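Chemist:
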Amino acid sequence: MENKQFVTKRHSHICEICGKAFSRKHHVTRHKVVHTGERPYNCEICGTAFFTNSHLNRHKLIHTGDKLYSCNICGKEFSKSSLDRHKILHTYRNAASCEICGKAFLRKSRFENHMLSHLGVKPFQCNICGWTFTEKNHLTRHKLIHTGEKPYQCEICEKSFSRKDKLNEHKLTHSTEPAFQCPICDKTFSSRASLTRHEISHTIKKQYKCETCNRAFSRKEKLNKHKLKHSMEPAS
Numbered sequence: 001m002e003n004k005q006f007v008t009k010r011h012s013h014i015c016e017i018c019g020k021a022f023s024r025k026h027h028v029t030r031h032k033v034v035h036t037g038e039r040p041y042n043c044e045i046c047g048t049a050f051f052t053n054s055h056l057n058r059h060k061l062i063h064t065g066d067k068l069y070s071c072n073i074c075g076k077e078f079s080k081s082s083l084d085r086h087k088i089l090h091t092y093r094n095a096a097s098c099e100i101c102g103k104a105f106l107r108k109s110r111f112e113n114h115m116l117s118h119l120g121v122k123p124f125q126c127n128i129c130g131w132t133f134t135e136k137n138h139l140t141r142h143k144l145i146h147t148g149e150k151p152y153q154c155e156i157c158e159k160s161f162s163r164k165d166k167l168n169e170h171k172l173t174h175s176t177e178p179a180f181q182c183p184i185c186d187k188t189f190s191s192r193a194s195l196t197r198h199e200i201s202h203t204i205k206k207q208y209k210c211e212t213c214n215r216a217f218s219r220k221e222k223l224n225k226h227k228l229k230h231s232m233e234p235a236s
């Protein structure tokens with residue numbers, strides 16, 4: 001017997017493959033990956049792919065060593081940083097929440113830009129290399145590659161970085177904590193999370209090679225990003 005669903009105004013978006021109905025168009029888009037087998041969300045650390053961004057975020061906790069925290073108001077689980085963002089919903093009446101990953105936004109424009117990321121839409125394009133991004137701040141950060149600007153400076157050794165997360169990672173080198181050593185190549189790291197990310201690099205097949213310097217990468221997009229560095233080098 002054919003499975004037919006009663007479609008109300010609230011559930012007017014239908015999957016043409018199985019007939020399942022949804023209240024929003026992006027929910028149909030997210031659902032269709034079940035039929036196609038597509039896993040568009042990749043972990044940048046180990047390369048594992050997932051159907052949804054929420055599954056990817058949960059997986060990332062393995063690498064960071066973080067744990068899930070429950071919201072004391074609604075009971076939903078999040079990482080510590082995501083929980084703080086989620087609680088905005090319970091504080092501000094006009095806050096918008098992403099039904100896919102749970103992130104909360106006070107500004108409608110930020111919420112709408114975020115929803116594009118789940119649909120794979122990247123409206124912000126770099127006018128120098130053509131690289132596209134889902135959010136404007138990601139484009140702004142990317143342009144630092146072309147300008148060479150490094151606005152984040154370490155107050156201990158005055159070394160500068162183009163990204164804040166890279167500065168924070170660097171600061172660990174000034175820590176008095178014992179170093180973590182890779183058992184394969186003996187390289188040392190200031191945090192266990194950094195060591196874990198490095199160890200995975202020994203197990204991932206790197207099939208994409210740069211024809212300029214022969215450096216290899218596990219993912220094509222990483223190779224493309226690496227090639228930008230060569231395009232900025234002065235001609236010999």
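Using full-length UniProt numbering, the letters of the sequence shown correspond one by one to residues 1 to 236.
We put the CB at the ideal spot given by N, CA and C, even for glycine.
Values in this document were obtained by computation on a predicted structure and should not be read as measured data.
Are the Cβ atoms of isoleucine 100 and threonine 52 separated by less than 9 Å?
Modeler: Mapped onto the sequence shown, residue 100 falls at position 100. Mapped onto the sequence shown, residue 52 falls at position 52. Their beta carbons are under 9 Å apart, which means isoleucine 100 touches threonine 52 by this criterion.
Chemist: How big is the Cα-Cα spacing for leucine 228 and lysine 20?
Modeler: On the sequence shown, residue 228 is found 228 positions in, with the first residue counted as 1. On the sequence shown, residue 20 is found 20 positions in, with the first residue counted as 1. Each residue's Cα considered, the two are about 44 Å apart.
Chemist: Among the candidates Phe217, Phe189, Pro183, whose CA atom is the shortest distance from the CA of histidine 174?
Modeler: As a first step, residue 174 must be located in the sequence shown, where it is residue number 174. Here the closest residue by C-alpha is Phe189.
Chemist: Please give me, in chain order, every unbroken run of the beta strand (DSSP E) with length at least 3 that falls completely inside the UniProt domain "C2H2-type" (152 to 179).
Modeler: none
Chemist: Under 9 Å, do histidine 114 and cysteine 126 count as touching if we go by C-beta distance?
Modeler: Taking the sequence shown and counting its residues from 1, one reaches residue 114 at position 114. Taking the sequence shown and counting its residues from 1, one reaches residue 126 at position 126. No, they are not a contact pair.
Chemist: Could you check what DSSP says for threonine 212 in three-state terms: helix, strand or coil?
Modeler: As a first step, residue 212 is located in the sequence shown; it is residue number 212 there, counting from the start. If DSSP states are grouped into helix, strand and coil, threonine 212 belongs with coil.
Chemist: Exposed or buried, which one is histidine 118 when buried takes at least 16 other CB atoms within 10 Å?
Modeler: What you label residue 118 is simply residue 118 of the sequence shown in a count that begins at 1. Buried, because 16 or more other Cβ atoms sit within 10 Å of the Cβ of histidine 118.
Chemist: Start and end of the alpha helix (DSSP H) containing glutamate 221?
Modeler: To locate residue 221, count along the sequence shown from 1; it is residue 221. Where glutamate 221 is concerned, the enclosing alpha helix (DSSP H) stretches over 220 to 232.
Chemist: Taking 9 Å as the threshold (C-beta atoms), are histidine 59 and cysteine 71 in contact?
Modeler: Reading the sequence shown from its first residue, position 71 is the one you call residue 71. Reading the sequence shown from its first residue, position 59 is the one you call residue 59. Not in contact: cysteine 71 and histidine 59 (Cβ atoms no closer than 9 Å).
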